[in-house]
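In the UniProt record's numbering, the protein residues as written are 1 to 347.
Just so you know, even glycine gets a beta-carbon here, dropped at the ideal spot from N, CA and C.
Here the structure is a predicted model, which means the values were calculated and not measured.
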Ligand SMILES: NC(=O)c1ccc[n+]([C@@H]2O[C@H](COP(=O)([O-])OP(=O)(O)OC[C@H]3O[C@@H](n4cnc5c(N)ncnc54)[C@H](OP(=O)(O)O)[C@@H]3O)[C@@H](O)[C@H]2O)c1
């Protein structure tokens, strides 16, 4: 089933907790005053999609439409929207995971986006490329600017940061977004990933990349940061391996470092004394950190995509079959991906 009929909205609907996705028609949603409707051409999968489906959290209202990453063309804007107009090519972070409103889920032909969570994409960027980063970038922006308290950049040139920055899990969607952002903010980034991804991660801004399976990875990163003259007191663990990230910060930057995690700290592990450990939350870019989120999506990201200081990453893997393959895409991400973003095209 495809969506070539412009008056029809097809959605990969989650009818009840734990159900498999089913493609069903839904009304084309209407935008609120500060919202826009986007006709998606590409939708990307995030781990939270299958996690909500399997573990039933964040959503109370069923049936629902999940999805945080959709990219396409604006078809309607709300009465207070000034930044966007009909016909703009945009990407955006769908709000369904925090407003429980199925119209704001990306896994459908037409999605409502908040204007503060939307970015115009450059003409040279494909919809597939544009779909890969809204959630990963929101997660990284909250990690760096809110949790690690990095000041928002004022000029276009990066200011050299005193501390090195650890990014554990840099081949993940979140990690590769954080690497690019951190490089633009002037950090020397010390990253971990499987060796197959080291070259890509370096080319996107990491200073040095280490194999996280190396038994001496902690000692090697601490030594490299010392040799570079930038001990690491700030870290973002994009996959929440946790313990080793904490050890690096304590050994390298001393006890007063800050570690941001993508998921919760495993409380079975003792928290190292003095190290501030906090979880990031992508949704904060649209809630209590909405001012930062608006700046990030409406200004910073648009410019960074245009000047290519942020590019689409990781590599895209298309799952053929359109919305009917949404479940296949969820299952693929659940089974585990390595340096890939799983994307579905909406014809
Ligand atoms: N808090 C939030 O708001 C938020 C938002 C988005 C995502 N998340 C969570 O953050 C995590 C990452 O999400 P994602 O979309 O970026 O995932 P992803 O792209 O699916 O992550 C896959 C990558 O994780 C890497 N990895 C797995 N185990 C690792 C380890 N022990 N050390 C280093 N790297 C490891 C793998 O690296 P290699 O290929 O190099 O082996 C793989 O490329 C997920 O748990 C997700 O649910 C949280």
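Cross-strand partners of residue i (DSSP beta bridge)
i           : result
residue 383 : One cannot answer for residue 383 here, as it falls past the ends of the chain, which runs 1 to 347.
residue 278 : 260
residue 90  : 72, 120
residue 82  : Beta-bridge pairing links residue 82 to no other residue.
residue 235 : 166, 259
residue 52  : According to DSSP, residue 52 bridges with nothing at all.
residue 207 : None, per the DSSP bridge assignment.
residue 77  : 36
residue 64  : 14
Supposed close pair residue i, residue j - CB separation, criterion 8 Å
i           : j           : result
residue 73  : residue 26  : About 19 Å separates the two Cβ atoms, so there is no contact after all.
residue 346 : residue 41  : 6 Å
residue 218 : residue 247 : 5 Å
residue 207 : residue 222 : Going by Cβ atoms, the distance from residue 207 to residue 222 rounds to 14 Å, so no, they are not a contact pair.
residue 262 : residue 174 : 6 Å
residue 94  : residue 78  : Actually they are not in contact, since the Cβ atoms of residue 94 and residue 78 sit about 16 Å apart, beyond 8 Å.
residue 164 : residue 145 : Actually they do not touch by this definition, with Cβ atoms about 18 Å apart.
residue 204 : residue 313 : 6 Å
residue 70  : residue 43  : 5 Å
residue 152 : residue 258 : Residue 152 to residue 258, Cβ: 17 Å. No contact.
residue 341 : residue 310 : Not confirmed; about 14 Å, so no contact.
residue 116 : residue 58  : The pair is not a contact, with the Cβ atoms about 20 Å apart (cut-off 8 Å).
residue 285 : residue 142 : 6 Å
Range of the contiguous beta strand (DSSP E) that encloses residue i
i           : result
residue 41  : 35-44
residue 167 : 164-168
residue 192 : 189-192
residue 133 : No beta strand (DSSP E) contains residue 133, which DSSP labels as neither H nor E.
residue 109 : Note, residue 109: premise wrong, no beta strand (DSSP E); not H, not E.
residue 330 : Where residue 330 is concerned, there is no enclosing beta strand (DSSP E), although the alpha helix (DSSP H) it sits in stretches over 326-335.
Pairwise C-alpha distance: residue j and residue i
i           : j           : result
residue 279 : residue 264 : 6 Å
residue 60  : residue 100 : 7 Å
residue 122 : residue 215 : 43 Å
residue 50  : residue 14  : 11 Å
residue 234 : residue 131 : 29 Å
residue 36  : residue 199 : 38 Å
residue 245 : residue 301 : 28 Å
residue 170 : residue 53  : 26 Å
residue 88  : residue 120 : 7 Å
residue 1   : residue 21  : Reliability fails at residue 1, whose pLDDT of 45 lies under 50, so the model's placement of it is uncertain and no value is given.
residue 332 : residue 47  : 10 Å
residue 322 : residue 274 : 49 Å
residue 3   : residue 287 : Reliability fails at residue 3, whose pLDDT of 47 lies under 50, so the model's placement of it is uncertain and no value is given.
residue 128 : residue 81  : 25 Å
residue 76  : residue 103 : 14 Å
residue 158 : residue 45  : 31 Å
residue 293 : residue 305 : 16 Å
residue 328 : residue 24  : 16 Å
residue 224 : residue 211 : 13 Å
residue 160 : residue 229 : 12 Å
residue 64  : residue 112 : 14 Å
residue 270 : residue 177 : 29 Å
residue 90  : residue 33  : 18 Å
residue 266 : residue 7   : 48 Å
residue 220 : residue 139 : 27 Å
residue 297 : residue 196 : 31 Å
residue 11  : residue 68  : 14 Å
residue 108 : residue 9   : 7 Å
residue 85  : residue 110 : 16 Å
residue 253 : residue 180 : 22 Å
Unbroken alpha helix (DSSP H) run spanning residue i, endpoints
i           : result
residue 316 : No alpha helix (DSSP H) holds residue 316; the beta strand (DSSP E) holding it covers 315-318.
residue 243 : 243-253
residue 342 : Not the alpha helix (DSSP H): residue 342 falls in the beta strand (DSSP E), residues 340-345.
residue 179 : 173-184
residue 269 : Counting along the chain, residue 269 falls outside any alpha helix (DSSP H), and DSSP gives it neither H nor E.
residue 161 : Counting along the chain, residue 161 falls outside any alpha helix (DSSP H), and DSSP gives it neither H nor E.
residue 292 : 290-294
residue 219 : 217-228
residue 303 : 301-306
residue 98  : 96-99
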